[in-house]
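Reviewing the structure listed below.
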Amino acid sequence: MPLDPQIETLLQRVAAEGGPAPETLTVAQNRAFGRAFGALAGAPVPVADVRDTAAAADGRTVPVRLYRPVTEPNAGPLPVTLFLHGGGWVFGDLDTQDNIARTVAVRSRTIVVSVDYRLAPEHRFPAAVDDAYAALTWVADSAAGFGGDGKRIAVFGESAGGNLAAVLAQESLRRGGPRITLQVLAYPAVDRFDDSPSMYENMAGPVLSRSYLEWFWGAYLSTPDQGADPRVSPARSDELAGLAPAVIATAENDPLRDQGDHYARKLAGAGVPVQHLPIEGAVHGFLSFTGSVQLSRDVLNRLADAVATAFHRPGPRDAVSRRTPAARGQDSDHHRAEKPYLNRPRNIQAEQVPHPGDLPATGTRRQDPPAARRCEPNRAAPEDPALSD
Numbered sequence: 006m007p008l009d010p011q012i013e014t015l016l017q018r019v020a021a022e023g024g025p026a027p028e029t030l031t032v033a034q035n036r037a038f039g040r041a042f043g044a045l046a047g048a049p050v051p052v053a054d055v056r057d058t059a060a061a062a063d064g065r066t067v068p069v070r071l072y073r074p075v076t077e078p079n080a081g082p083l084p085v086t087l088f089l090h091g092g093g094w095v096f097g098d099l100d101t102q103d104n105i106a107r108t109v110a111v112r113s114r115t116i117v118v119s120v121d122y123r124l125a126p127e128h129r130f131p132a133a134v135d136d137a138y139a140a141l142t143w144v145a146d147s148a149a150g151f152g153g154d155g156k157r158i159a160v161f162g163e164s165a166g167g168n169l170a171a172v173l174a175q176e177s178l179r180r181g182g183p184r185i186t187l188q189v190l191a192y193p194a195v196d197r198f199d200d201s202p203s204m205y206e207n208m209a210g211p212v213l214s215r216s217y218l219e220w221f222w223g224a225y226l227s228t229p230d231q232g233a234d235p236r237v238s239p240a241r242s243d244e245l246a247g248l249a250p251a252v253i254a255t256a257e258n259d260p261l262r263d264q265g266d267h268y269a270r271k272l273a274g275a276g277v278p279v280q281h282l283p284i285e286g287a288v289h290g291f292l293s294f295t296g297s298v299q300l301s302r303d304v305l306n307r308l309a310d311a312v313a314t315a316f317h318r319p320g321p322r323d324a325v326s327r328r329t330p331a332a333r334g335q336d337s338d339h340h341r342a343e344k345p346y347l348n349r350p351r352n353i354q355a356e357q358v359p360h361p362g363d364l365p366a367t368g369t370r371r372q373d374p375p376a377a378r379r380c381e382p383n384r385a386a387p388e389d390p391a392l393s394d
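Going left to right, the sequence shown walks through residues 6 to 394 as this note's numbering numbers them.
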């Protein structure tokens, strides 16, 4: 499937630098790679204030970073977006996705709380889940102390962070915890045992290959059977009714594409309002490319705008059209014409599932994998000496 031209140019430049496959590197080397990957986001987006603090809840203390957007005087308490970075549960920190957090704060007009959860393999599942839930509880209880509204919370995660955001939405409902207004999941890992077509089509994909994905799972989980736990594979849960509305973005050239599609459909089938954004020409991790890729900026802005819509109910110029996909296909609006990767919404169900923020419910096509390429569901990767520093 063709790549977005700017993404292709960026990946060619990265490939020209050479180097071994990341799954053959040590944890320390992969973390260095993650820091370099974060530099692709470009110059920091200005915000009113950034400060580091600690979220103390549930018997643990989790480092967090707060981003406050510029607001009108006497704006009052702002909604809060809990942001969970990607990095396969192995790398990533408060700096690697700093610009994503900044953009979300500015576009959504919310205070963003970025979570520095513990990383594998030093801290395997469920450490990251526990830290993320502690941060969520802290926001609900303590938001007033930093100008936030603990009753208006969104969760936003990308990649492994998308996994954690989906898990938080389920766990908070199951435990009777803080109410979540919206969950935004960017190319999330939601099924450990996914064996769908995209796992074959993109098994050697740029940024994330299937073998690299196995490396991450092997680092994150202690035993293969943990993959069936909904706190690892939220798409395997059957208790989805009543979850927060979801916005799910998937990348066309990503092994995780179809599991994101499947989760969107499963949520919609449970009555959860869903918008699915299938992004053509994109690869896993593309939200980190905002420094040089227009597609990345456009999609990140659209996801942040979805958060704004959920809390602030913007006017027609900011909101996504409520018309049917067929009607939207007749748009002459230059904004859509210039962004073909956003031009093809697809129904999740025969009947539209309304999003409370005036967002349409859409989904991607599904196709069966060739019979000759079917295999048994993935199993947890064996212990790998490359996981040690």
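All C-beta atoms in this analysis are idealised placements derived from N, C-alpha and C, irrespective of residue type, glycine included.
Here the alpha carbons of glycine 64 and threonine 101 stand approximately 27 Å from one another.
Excluding its 5 nearest sequence neighbours in each direction, alanine 233 has C-beta neighbours in its own chain below 7 Å: Arg241, listed in chain order. Under the three-pair Cβ rule at 8 Å, the segment 162-181 counts as touching the segment 193-201. Under the 8 Å Cβ criterion, the segment 309-319 does not count as touching the segment 26-35, having fewer than three qualifying pairs.
As DSSP reads the structure, histidine 281 sits in a beta bridge with Ile253. Glycine 286 carries a strand assignment under DSSP once its states are collapsed to helix, strand and coil. Contact between arginine 70 and valine 55 holds, since their C-beta atoms are separated by about 7 Å, short of 8 Å.
When DSSP states are grouped into helix, strand and coil, leucine 173 belongs to the helix group. By the beta-carbon neighbour count (other beta carbons within 10 angstroms, threshold 16), serine 177 is buried. Residue pairing by DSSP places arginine 180 in no beta bridge whatsoever.
In the three-state reduction of the DSSP assignment, glycine 274 falls in the helix class, which pools H, G and I.
The segment 288-295 makes no contact with the segment 120-138, as fewer than three CB pairs between them are under 8 Å. Boundaries of the beta strand (DSSP E) harbouring isoleucine 158: 153-163, taken from the DSSP string.
At the C-beta level, glycine 92 and alanine 165 come within 8 Å of one another.
Separation of proline 84 and isoleucine 253 (C-alpha to C-alpha, rounded to the nearest whole angstrom) is 20 Å.
DSSP places aspartate 57 in no alpha helix (DSSP H) but in the uninterrupted beta strand (DSSP E) bounded by 54-62.
If you ignore the 5 residues before and after serine 119, its C-beta comes within less than 6 Å of the C-beta of Arg70, Phe88, Leu99, Ala106, all in its own chain and listed in chain order. Separation of leucine 218 and threonine 66 (C-alpha to C-alpha, rounded to the nearest whole angstrom) is 29 Å.
Scanning Val52, Glu22, Thr29, Ala53 for the CA closest to the CA of alanine 41 turns up Glu22. In the DSSP annotation of this structure, arginine 215 is not part of any beta strand (DSSP E); the continuous alpha helix (DSSP H) holding it starts and ends at 215-225. For arginine 197, DSSP records no beta bridge to any residue.
Counting along the chain, valine 298 sits inside no alpha helix (DSSP H), nor does DSSP assign it H or E at all. With a 10 Å radius around the Cβ and a threshold of 16 neighbouring Cβ atoms, alanine 139 comes out buried.
The beta carbon of proline 211 is closer than 6 Å to those of Leu16, Val288 in its chain, skipping five residues each way along the sequence. For tyrosine 72, the enclosing beta strand (DSSP E) covers residues 65-73. Pairing valine 298 with threonine 14, the inter-Cα distance amounts to about 9 Å. By the criterion of a C-beta distance shorter than 7 Å, proline 235 is surrounded in its chain by Gln175, Arg241, Ser242, once the five residues flanking it on both sides are discounted. Taking every protein chain shown into account, the CB of aspartate 230 has fewer than 16 other CB atoms within 10 angstroms, so this residue is exposed. By the 16-neighbour rule on beta-carbons within 10 angstroms, threonine 228 is exposed.
The beta carbon of phenylalanine 221 sits closer than 7 Å to those of Gly93, Trp94, Val95, all from its chain and outside the five residues before and after it, given in chain order. A Cβ-Cβ distance of about 6 Å is found for the pair leucine 245 and lysine 271, placing them in contact under the 8 Å criterion. The beta-bridge partner set that DSSP reports for leucine 87 consists of Val118, Val160. If the five residues before and after valine 189 are omitted, its C-beta is found closer than 6 Å to the C-beta atoms of Phe161, Val252, Leu308, all from its own chain and listed in chain order. Measuring C-alpha to C-alpha distances from glycine 150 to each of Ala256, Ala59, Gly290 identifies Ala59 as the nearest. In the structure shown, the three-state DSSP call for alanine 44 is helix.
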